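Participant: Below is one structure. I have some questions about it.
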Amino acid sequence: MRVLGLLGRAVLVVALPCHALQSDSGQAASAQSDNSALTQKIRDLEDRVIAMEGQIRQLKTEQASRAQPATTAVPNAESSAQEASPTPQSQPPAVGAVTSGAGTQTVVLGGAGGSAAKALNPDISAIGDFISVAGHNPVQPSPTLEMHEAELGFQAIIDPYARGDFFLSFGEQGVNLEEGYVTFTALPAGVVAKVGKMRAAFGKVNTLHNHVLPWVDRPLVTNNLVGGEDGIDDAGVSIERILPAPMGIFLEATGQLFRGDSGSQQSPLFHASRKNDVSAVAHLRSYKDITESTNIDLGLSYARGHNDLGSNFLTQLYGVDATVRWKPLRRSIYHSFVGRGEFIWSQRQQLPSEQRAFGFYTSGDYQLGRRWFVGGRFDRAGRSEFADLTDTGASAVLTYWPSEFSQVRGQYRFTHYASNIDTNELLLQVMFSLGAHGAHPF
Amino acid sequence: MRRRGRSFRFTVAAEWALLFWMLALPIWAQAKKLNVVTSTTDMAALTQEVGGEKVSVESIAKGYQDPHFVEAKPSFLLKLRQADLLVVVGLQLEIGWLPPLITQSGNPRIQVGAPGYLDASQFAEILEIPQGTVTRAEGDVHPLGNPHYWLDPDNGRRIARGIANKLSEADPGDDVYFQQRFQDFDKRLTGAEQKWDAEMKPYHGRKVVTYHRSFPNFAKHFGLNVIGYVEPRPGIPPTPTHTLELIQLMRREDCKVILVEPYFDLKTPQSIGRGTGAQVVVYLPSVGGEKGVDDYFKLFDYDIGLLMKAFTATQ
Numbered sequence: 000m001r002v003l004g005l006l007g008r009a010v011l012v013v014a015l016p017c018h019a020l021q022s023d024s025g026q027a028a029s030a031q032s033d034n035s036a037l038t039q040k041i042r043d044l045e046d047r048v049i050a051m052e053g054q055i056r057q058l059k060t061e062q063a064s065r066a067q068p069a070t071t072a073v074p075n076a077e078s079s080a081q082e083a084s085p086t087p088q089s090q091p092p093a094v095g096a097v098t099s100g101a102g103t104q105t106v107v108l109g110g111a112g113g114s115a116a117k118a119l120n121p122d123i124s125a126i127g128d129f130i131s132v133a134g135h136n137p138v139q140p141s142p143t144l145e146m147h148e149a150e151l152g153f154q155a156i157i158d159p160y161a162r163g164d165f166f167l168s169f170g171e172q173g174v175n176l177e178e179g180y181v182t183f184t185a186l187p188a189g190v191v192a193k194v195g196k197m198r199a200a201f202g203k204v205n206t207l208h209n210h211v212l213p214w215v216d217r218p219l220v221t222n223n224l225v226g227g228e229d230g231i232d233d234a235g236v237s238i239e240r241i242l243p244a245p246m247g248i249f250l251e252a253t254g255q256l257f258r259g260d261s262g263s264q265q266s267p268l269f270h271a272s273r274k275n276d277v278s279a280v281a282h283l284r285s286y287k288d289i290t291e292s293t294n295i296d297l298g299l300s301y302a303r304g305h306n307d308l309g310s311n312f313l314t315q316l317y318g319v320d321a322t323v324r325w326k327p328l329r330r331s332i333y334h335s336f337v338g339r340g341e342f343i344w345s346q347r348q349q350l351p352s353e354q355r356a357f358g359f360y361t362s363g364d365y366q367l368g369r370r371w372f373v374g375g376r377f378d379r380a381g382r383s384e385f386a387d388l389t390d391t392g393a394s395a396v397l398t399y400w401p402s403e404f405s406q407v408r409g410q411y412r413f414t415h416y417a418s419n420i421d422t423n424e425l426l427l428q429v430m431f432s433l434g435a436h437g438a439h440p441f
Numbered sequence: 000m001r002r003r004g005r006s007f008r009f010t011v012a013a014e015w016a017l018l019f020w021m022l023a024l025p026i027w028a029q030a031k032k033l034n035v036v037t038s039t040t041d042m043a044a045l046t047q048e049v050g051g052e053k054v055s056v057e058s059i060a061k062g063y064q065d066p067h068f069v070e071a072k073p074s075f076l077l078k079l080r081q082a083d084l085l086v087v088v089g090l091q092l093e094i095g096w097l098p099p100l101i102t103q104s105g106n107p108r109i110q111v112g113a114p115g116y117l118d119a120s121q122f123a124e125i126l127e128i129p130q131g132t133v134t135r136a137e138g139d140v141h142p143l144g145n146p147h148y149w150l151d152p153d154n155g156r157r158i159a160r161g162i163a164n165k166l167s168e169a170d171p172g173d174d175v176y177f178q179q180r181f182q183d184f185d186k187r188l189t190g191a192e193q194k195w196d197a198e199m200k201p202y203h204g205r206k207v208v209t210y211h212r213s214f215p216n217f218a219k220h221f222g223l224n225v226i227g228y229v230e231p232r233p234g235i236p237p238t239p240t241h242t243l244e245l246i247q248l249m250r251r252e253d254c255k256v257i258l259v260e261p262y263f264d265l266k267t268p269q270s271i272g273r274g275t276g277a278q279v280v281v282y283l284p285s286v287g288g289e290k291g292v293d294d295y296f297k298l299f300d301y302d303i304g305l306l307m308k309a310f311t312a313t314q
């Protein structure tokens, strides 16, 4: 309230010399020095008003984040009544009155409680992912038209020491907590820790949500060796730290411990039959800027867990990933290229003998213009339970962005399955995003 | 004897520790420079003005880069984890790339709300704050107001004062130094401002079209009139219908100058220029947009020079 009073006074003081200035200039030209002094004064006052407006903006956000639930419950009518006749003794909801004092600087959002109530909410986003598939595929059939996924995201800073992220995905089979974790950002020694359910840091594709993939589907190697669409996505603890390295190299180590249940029904990966059957993931990432527009990203990954045969049967995965990016900074919104590849070795203990399968994909995506992308992918992967059976595939992708918030993508996919079946499919995807979806990992 | 021996050893150890500490302290104090990272070059330039040799400043984005679309490269994390202070433009300009960098930096000093996080928008005059409901039908609109606020020398002064105060807070020992640097900057800026105002005075009220809405503070300060934008909506690339409408508008209003940021394609602006006889000017919204434009003063010198030339040529 003090702020309001101050501001009102400041406006008055600004207004008065303005009058003075007008009458002054009409009287005599000799008062030029007076004039410039007054101009200076007005400037100073202007500065103070602007500083106060800034403080009010700050206060509003701080107050909103600290406000009691009672604040949100105050109906709109009451706050507008207060605006009409501002009483100095009004309670917290007078945020509305303060903003009215600020005049043109008001952000009025619809809904009860105004902007203060909304500021309490986390950033909410929803992403729709619609896929249509044409072509016959007896091995991995996909529906003709499918609302593949609706992902809801809730993200916010919890307190000065942590932030929280929730991603719920609503698919045709029901709801799944895709990720939900707290990140502790203020730990000593530069350690960042996450606790909750999260996509494991195994390679690149495993960490990505569906809507940030450069393709409609996931590569064969993911489906055959790394647990399918959900991948290694489990409840656990993650610790990462940047390691010192020479020559401007970025080096980061991540260690993760999970309950030990990952993968889907079609492609099971880890399964905890006993409480002790936890799984572990380790990842080492190195990154270097070659020039300001080109960079290289290399990663080593390891995952270990017990498979669905029981506690005595281990599955281990080894991964190498490499990414090359090019993006000229002056034309960064028009042209870019990303080349990537992941190579994964699987070692699965089973009867009668251990299976060692290998799979990889390589892909390239080029941005033709502000809204157009073209890309291709080559796939090859053995199957974790039958290492001799190798599937091979290739895809061509064309993507169009009407804006940053929607995307239309077509993908032609050819697959040669080990069972000697060839399939040709056309996948069409429409994605759209509402709300403030936070930025994604690089 | 034994007891005495132990206490003796303890004293020696304490003396050594004290000596080491006393020796080391002045070295630390001398070597201590505040490590400041800024999101854009303009904030870096202003921090350098008031911080002088007591700070080392680095910007994440380059001056010729679109500040909305910076990639969150891991190499930036190496800078951020050493930072004592992070200065951001705010108003959601960096929303697409800065938050994950801050989270992953593992640096508690610069987390949002921590003492080492400074949102410079709180010091500046902010224009184009949307009223009523904000929807994306208006494009990539900034619900908190236009974040391109640094192109007004008065705002530059206000931001510099805010940064100077923050530096004093972070390093109270050099308080006088920072305040003195600010006074000096203020004086130089006021001088330069008089020159710029005089240079731009003949062109008061001239109409211009800009590519993106990154010009309102400049236009307001120097009395220019922005009548339209090449983008139909903020962040949406030009469309043929909008371009035709813009050409008609410019003919009707007799607008002869199109200002384009260095990171946008010139094809559409040039075709508009051909359709209207207007001149296309690649102006710099940020310090470091061209070689040699490496401080806050040169940025205005450069832009005002370009504008004067364009206005004279299209009299």
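Chains as they are written, first to last, in numbering that gives the first Met the number 0: chain C, 0 to 441; chain X, 0 to 314.
Beta carbons are placed, not taken as given, at the ideal position from N, Cα and C, and that holds for glycine.
Quick caveat: nothing in here was measured; it's all calculated off a predicted structure.
In whole angstroms, give me the CA-to-CA distance for Leu167 of chain C and Val194 of chain C.
Facilitator: Within the first sequence, numbered from 1, the residue matching residue 167 of chain C stands at position 168. Within the first sequence, numbered from 1, the residue matching residue 194 of chain C stands at position 195. Looking at the two C-alpha atoms, the distance is approximately 16 Å.
Participant: In three-state DSSP terms, what is Lys186 of chain X?
Facilitator: Taking the second sequence and counting its residues from 1, the one referred to as residue 186 of chain X is at position 187. Three-state DSSP puts Lys186 of chain X in a helix.
Participant: Using a beta-carbon distance below 8 Å, is Arg47 of chain C in contact with chain X?
Facilitator: Locating residue 47 of chain C in the first sequence gives position 48, counting from the first residue. It does not; no Cβ of chain X falls within 8 Å.
Participant: Using only the alpha-carbon positions, how far apart do Asn154 of chain X and Leu207 of chain C sit?
Facilitator: Your numbering for residue 154 of chain X matches position 155 in the second sequence. Your numbering for residue 207 of chain C matches position 208 in the first sequence. Each residue's Cα considered, the two are about 41 Å apart.
Participant: Would you say Leu15 of chain C lies against chain X (beta-carbon separation less than 8 Å)?
Facilitator: Here residue 15 of chain C refers to the residue found at position 16 of the first sequence. Its pLDDT being 46, under 50, Leu15 of chain C is placed unreliably in this model, and the value from its coordinates should be taken loosely. Leu15 of chain C does not count as touching chain X.
Participant: Using DSSP's beta-bridge definition, name the partner residues of Ala197 of chain X.
Facilitator: As a working note, residue 197 of chain X is residue 198 in the second sequence. DSSP, once it has assigned bridges, lists no residue as partnering Ala197 of chain X.
Participant: Helix, strand or coil for Glu251 of chain C? Go by DSSP, reduced to three states.
Facilitator: Counting from one through the first sequence, the residue named residue 251 of chain C turns up at place 252. In the structure shown, Glu251 of chain C sits in a strand (DSSP, three-state: E or B).
Participant: Could you spell out where the beta strand (DSSP E) holding Ala125 of chain C opens and where it closes?
Facilitator: For the purposes of this step, residue 125 of chain C is taken as residue 126 along the first sequence, with counting starting at 1. That run of the beta strand (DSSP E) goes 122-133.
Participant: Taking the straight line between their C-alpha atoms, what separation do you get for Ile123 of chain C and Tyr180 of chain C?
Facilitator: Along the first sequence, read from residue 1 onward, the residue named residue 123 of chain C stands at position 124. Along the first sequence, read from residue 1 onward, the residue named residue 180 of chain C stands at position 181. Those two C-alpha atoms are separated by around 15 Å.
Participant: Please name the residue, chosen from C:Ile238, C:Tyr286, C:Ala161, C:Glu45, that lies closest to Val190 of chain C on a Cα-to-Cα basis.
Facilitator: Indexing the first sequence from 1 puts residue 190 of chain C at position 191. Considering only alpha carbons, the answer is C:Ile238.
Participant: Taking Leu313 of chain C and Leu224 of chain C to be in contact with their CB atoms under 8 Å, please state how far apart those CB atoms are, rounded to whole angstroms.
Facilitator: Position 314 of the first sequence, counted from the first residue, corresponds to residue 313 of chain C. Position 225 of the first sequence, counted from the first residue, corresponds to residue 224 of chain C. With a beta-carbon spacing of about 15 Å, Leu313 of chain C and Leu224 of chain C fall beyond the 8 Å limit used to define contacts.
Participant: Any idea if Gly247 of chain C is buried or exposed, counting beta-carbon neighbours within 10 angstroms, 16 or more meaning buried?
Facilitator: The residue you call residue 247 of chain C lines up with position 248 of the first sequence. Gly247 of chain C should be labelled exposed.
Participant: Check the Cβ-Cβ distances between Ala43 of chain X and every residue of chain C, and say whether any is below 8 Å.
Facilitator: Position 44 of the second sequence, counting from 1, holds the residue named residue 43 of chain X. It does not; no Cβ of chain C falls within 8 Å.
Participant: Under a three-way DSSP split, which group does Ser278 of chain C fall into?
Facilitator: As a position in the first sequence, residue 278 of chain C is number 279, starting the count at 1. In the displayed model, Ser278 of chain C falls within a strand according to three-state DSSP.
Participant: Inspect the CB distances between the region 210-228 of chain X and the region 119-130 of chain X and report whether three or more fall short of 8 Å.
Facilitator: When C-beta atoms of the region 210-228 of chain X are compared with those of the region 119-130 of chain X, three or more pairs fall below 8 Å, so the two segments count as touching.
Participant: Is it right to say Ile231 of chain C is buried, meaning 16 or more other beta carbons lie within 10 angstroms of its own, or is it exposed?
Facilitator: For the purposes of this step, residue 231 of chain C is taken as residue 232 along the first sequence, with counting starting at 1. The residue is buried, with at least 16 neighbouring Cβ atoms inside 10 Å.
Participant: State whether the region 324-337 of chain C contacts the region 57-65 of chain X, with contact taken as three or more CB pairs (one from each stretch) at a distance under 8 Å.
Facilitator: With a cut-off of 8 Å, the region 57-65 of chain X and the region 324-337 of chain C count as touching, because enough Cβ pairs lie within range.
Participant: List the endpoints of the continuous beta strand (DSSP E) containing Gly170 of chain C.
Facilitator: As a working note, residue 170 of chain C is residue 171 in the first sequence. Counting along the chain, the beta strand (DSSP E) containing Gly170 of chain C begins and ends at 161-170.
Participant: Against chain C, with Cβ distances strictly below 8 Å, would Pro73 of chain X count as a contact?
Facilitator: Taking the first residue of the second sequence as position 1, residue 73 of chain X is located at position 74. Taking Cβ atoms only, chain C reaches closer than 8 Å to Pro73 of chain X, which makes this a yes.
Participant: Helix, strand or coil for Phe214 of chain X? Go by DSSP, reduced to three states.
Facilitator: The count along the second sequence starts at 1 and reaches residue 214 of chain X at position 215. Looking at Phe214 of chain X - three-state DSSP - the assignment turns out to be coil, as it is neither helix nor strand.
Participant: Give the interface partners of Ile332 of chain C over in chain X, defined as CB-CB distance under 7 Å, in chain order.
Facilitator: For the purposes of this step, residue 332 of chain C is taken as residue 333 along the first sequence, with counting starting at 1. Correct list: Asp65, Phe68, Tyr262.
Participant: Whose C-alpha, out of C:Asn136, C:Ser402, C:Arg376, is nearest the C-alpha of Gly212 of chain C?
Facilitator: On the first sequence, residue 212 of chain C is found 213 positions in, with the first residue counted as 1. The sequence shown places Leu at residue 212 of chain C, rather than the Gly named in the question. When each option's Cα is compared against that of Leu212 of chain C, the closest is C:Arg376.
Participant: In angstroms, rounded to a whole number, what distance separates the CA positions of Ala191 of chain X and Arg251 of chain X?
Facilitator: The residue labelled residue 191 of chain X in the question sits at position 192 within the second sequence. The residue labelled residue 251 of chain X in the question sits at position 252 within the second sequence. Roughly 35 Å separates the two Cα atoms.
Participant: Going along chain X, which residues have a C-beta under 7 Å from Asn294 of chain C?
Facilitator: Your numbering for residue 294 of chain C matches position 295 in the first sequence. Residues of chain X passing the Cβ test: Lys72.
Participant: I want to verify the contact list: residues of chain C whose CB lies under 7 Å from the CB of Arg135 of chain X, in sequence order.
Facilitator: Residue numbering aside, residue 135 of chain X sits at position 136 when the second sequence is read from its first letter. Residues of chain C passing the Cβ test: Phe404.
Participant: With 16 as the cutoff for other CB atoms within 10 Å, does Tyr282 of chain X come out buried or exposed?
Facilitator: The residue labelled residue 282 of chain X in the question sits at position 283 within the second sequence. Classification of Tyr282 of chain X: buried, given that the 10 Å Cβ count is 16 or more.
Participant: Pick helix, strand or coil for Lys290 of chain X, following the three-state DSSP scheme.
Facilitator: Numbered from its first residue, the second sequence carries residue 290 of chain X at position 291. Coil at Lys290 of chain X, not helix or strand.
Participant: Name the DSSP bridge partner or partners of Arg42 of chain C?
Facilitator: Taking the first sequence and counting its residues from 1, the one referred to as residue 42 of chain C is at position 43. Answer by DSSP bridge pairing: none, since Arg42 of chain C is not bridged.
Participant: If I measure Cβ to Cβ from Trp214 of chain C and keep anything under 7 Å in the same chain, skipping five residues before and after, which residues do I get?
Facilitator: As a working note, residue 214 of chain C is residue 215 in the first sequence. Excluding positions up to five away in sequence, the list reads Arg376, Ser394, Val396, Gln410.
Participant: Alpha helix (DSSP H) containing His241 of chain X: first to last residue?
Facilitator: Taking the second sequence and counting its residues from 1, one reaches residue 241 of chain X at position 242. His241 of chain X -> alpha helix (DSSP H) spans 239-252.
Participant: What does Tyr180 of chain C pair with, by DSSP beta-bridge criteria?
Facilitator: Counted from its first residue, the first sequence places residue 180 of chain C at position 181. BP columns for Tyr180 of chain C point to C:Asp164, C:Gly195.
Participant: Just the C-alpha distance for Asp164 of chain C and Phe153 of chain C, rounded to the nearest angstrom, thanks.
Facilitator: Along the first sequence, one-based indexing puts residue 164 of chain C at 165. Along the first sequence, one-based indexing puts residue 153 of chain C at 154. Whole-angstrom Cα-Cα distance: 6 Å.
Participant: Under 7 Å between beta-carbons, which chain X residues line up against Val191 of chain C? List them in chain order, please.
Facilitator: Start at 1 with the first residue of the first sequence, and residue 191 of chain C comes out as number 192. Ordered by position in chain X, the residues that pass the 7 Å Cβ test against Val191 of chain C are Gln103, Gly105.
Participant: Taking Asp118 of chain X as the reference, which of X:Ser104, X:Arg135, X:Leu143 has the closest Cα?
Facilitator: Counting from 1 along the second sequence, the entry for residue 118 of chain X is found at position 119. Looking at the Cα atoms, X:Leu143 is the closest of the given residues.
Participant: Between Gln193 of chain X and chain C, is there a C-beta pair that is closer than 8 Å?
Facilitator: Your numbering for residue 193 of chain X matches position 194 in the second sequence. Not one chain C Cβ lies under 8 Å of Gln193 of chain X.
Participant: Check for me: the alpha helix (DSSP H) holding Gly155 of chain X runs from which residue to which?
Facilitator: Position 156 of the second sequence holds residue 155 of chain X. First-last of the alpha helix (DSSP H) with Gly155 of chain X: 152-169.
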